[in-house]
Amino acid sequence: MLKHLTAVTLFAITSLGLSSQASASLILDSYASGTATPTTIGGYAMTDFAVTNGMGGSTTNVMSPISGSLNFLDQNNNPLGMSRRLADDVNWWNNGETSDYDIYTTSNYLITILLPENTRAFSFSVGANLGSTNNNAWLTATESSGLGIDNQYWFNVNRDNTPGFGIYANNSNGSCSTITSVTIDPEYWGVGNFSINQDQCTTTSVPEPSSVALLALGLLGFSVFRRKNNA
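In C-alpha cells:
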C-alpha cells in the first residue's frame, strides 16, 4: 500500500501524512520493500522500461520506452557511468516484482537522474549492499515549474530493505509542470526498476468574445444578403 509522503520546497518533508500546502506541484509516494511498483501513480498510467541492459558493462544513459532517455550525472553534473545489472543477479535487491528488470549500480555517493522531456511521473526502487544503518540515504527532485521537491527526503536502504518511490506532477490546478530530475545520495548502491509517464500538454483554443461577436455579425450579414437576393 502506498504511503503518501508529499514534499514541498521550503517545507520539511514528513514521513507521515500529506502536507496541507496546496501549492505543492510534485508529490512523492513511497512503497515498502517487497512491494511491486504500482501500474499507476497519482493517476498517471506508467510504462515499464524494457529489460535490455543485463549484458553488463556500463552506461551513462537509458532509453525511455516512450521517447528520449534518462541520463546519469555525478555530483559535478558530469556524465556518470553506471554498471548495468539485473535485479535477479544480486542477492541484496528485495522487491515484489514477479519478473526480472534492470538495475544500475555505482560506488558514487550521489547521482542525478536527468529525465526526458514531458515526464509527468517517474518511479524507481533503490537498493544497497549495506547493513541497516537507519536513514542513510536521501532523495530530492526538480521540475520545470512550481516548487518541486527541494528538501531532502531521508530513508533507509540496505541489503534487506529495497524501498520504491513514485514522483509525479500535481497539475490539478491547470498548470503543466514536468519532472526534470531526481537526485539520490546513498552509499554503495543501485537504482532501477524504472517506469515512466510522458505526456505533452495540450490546450484547446477558445475564441475571444470579440472574435465570436465578429463571427456572429458576419453570419447575420450573410443571412440578410441572401434574403435580399431571394426577394
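Reminder that position 91 of the sequence shown reads as 91 in this note's numbering, one-by-one numbering, no gaps. Here a beta-carbon is modelled for each residue, glycine too, at the ideal position from N, C-alpha and C.
Margin query: Less than 7 Å between C-beta atoms, sequence neighbours within five positions excluded: which residues of the same chain meet that for Thr-142?
Written below: As a position in the sequence shown, residue 142 is number 142, starting the count at 1. Once the five neighbours on either side are set aside, the close Cβ partners of Thr-142 are Gly-148, Thr-180, Ser-181.
Check: Quick check: the stretch 64-74 against the stretch 26-38, are there 3 or more CB pairs under 8 Å?
Finding: no
Notebook entry, point to check: Do three or more CB pairs link the stretch 148-162 to the stretch 115-123 at distances below 8 Å?
Noted result: no
Check: With a CB to CB cut of under 6 Å and the five nearest residues on each side skipped, what residues in its chain are close to Ser-83?
Finding: Mapped onto the sequence shown, residue 83 falls at position 83. These residues qualify, in order along the chain: Ser-58, Thr-105.
Checklist line | Segments of 4+ residues assigned as alpha helix (DSSP H) that fall wholly inside the stretch 131-209 | finding: none
Margin query: Quick check: the Cα distance between Thr-133 and Met-63, rounded to an integer number of angstroms?
Written below: Your numbering for residue 133 matches position 133 in the sequence shown. Your numbering for residue 63 matches position 63 in the sequence shown. Going from the Cα of Thr-133 to the Cα of Met-63 covers about 33 Å.
Checklist line | Inter-residue CB distance, Ser-25 and Asn-197 (contact presumed, cutoff 8 Å) | finding: In the sequence shown, the residue the question calls residue 25 occupies position 25. In the sequence shown, the residue the question calls residue 197 occupies position 197. The pair is not a contact, with the Cβ atoms about 15 Å apart (cut-off 8 Å).
Margin query: For Asn-95, list the residues DSSP reports as bridge partners.
Written below: Here residue 95 refers to the residue found at position 95 when the sequence shown is read from its first residue. DSSP output for Asn-95 lists no bridge partner at all.
Notebook entry, point to check: By Cβ distance below 6 Å, which residues in the same chain neighbour Tyr-101 in space, the five residues on each side in sequence not counted?
Noted result: Along the sequence shown, read from residue 1 onward, the residue named residue 101 stands at position 101. Val-51, Ala-87, Asn-193.
Check: Between Gly-166, Trp-138, Gly-56, which lies nearest to Gly-43 when the distance is taken from Cα to Cα?
Finding: Here residue 43 corresponds to residue number 43 of the sequence shown, with the count starting at 1. Closest by alpha carbon: Gly-166.
Checklist line | Residues of its chain near Ala-45, where Cβ-Cβ distance is below 8 Å and the 5 sequence neighbours each way are ignored | finding: Counted from its first residue, the sequence shown places residue 45 at position 45. Excluding residues within five positions, the ones whose Cβ falls inside 8 Å are Thr-39, Asn-197.
Note to self: Buried or exposed, going by whether 16 or more other CB atoms sit within 10 Å of the CB of Thr-98?
What the structure shows: Numbered from 1 along the sequence shown, position 98 holds the residue referred to as residue 98. By the neighbour-count rule (16 or more Cβ atoms within 10 Å), Thr-98 is not buried but exposed.
Next item on the list: In the DSSP assignment, find the unbroken beta strand (DSSP E) run with Phe-236 in it and report its ends.
Entry: The question about residue 236 has no answer, for the chain in this structure spans 1 to 231.
Notebook entry, point to check: For Ile-111 versus Leu-139, is the C-beta spacing smaller than 7 Å?
Noted result: The residue given as residue 111 occupies position 111 in the sequence shown. The residue given as residue 139 occupies position 139 in the sequence shown. Not in contact: Ile-111 and Leu-139 (Cβ atoms no closer than 7 Å).
Next item on the list: Label Pro-79 either buried or exposed according to how many other C-beta atoms from any shown protein chain fall within 10 Å of its C-beta, with 16 as the threshold for buried.
Entry: The residue labelled residue 79 in the question sits at position 79 within the sequence shown. Exposed, because fewer than 16 other Cβ atoms sit within 10 Å of the Cβ of Pro-79.
Check: Who does Met-82 pair with in a DSSP beta bridge?
Finding: Locating residue 82 in the sequence shown gives position 82, counting from the first residue. According to DSSP, Met-82 bridges with Thr-59.
Item checked: Burial state of Ser-145 (16 or more Cβ within 10 Å) -> Position 145 of the sequence shown, counted from the start, is the residue given in the question as residue 145. Classification for Ser-145: exposed.
Item checked: Minimum C-alpha distance to Ser-125 - residue among Asn-135, Asn-161, Ser-67 -> Here residue 125 corresponds to residue number 125 of the sequence shown, with the count starting at 1. It is Asn-161.
Next item on the list: Would you give the residue range spanned by the beta strand (DSSP E) that Ser-30 belongs to?
Entry: Position 30 of the sequence shown, counted from the start, is the residue given in the question as residue 30. 26-31 is the extent of the beta strand (DSSP E) around Ser-30.
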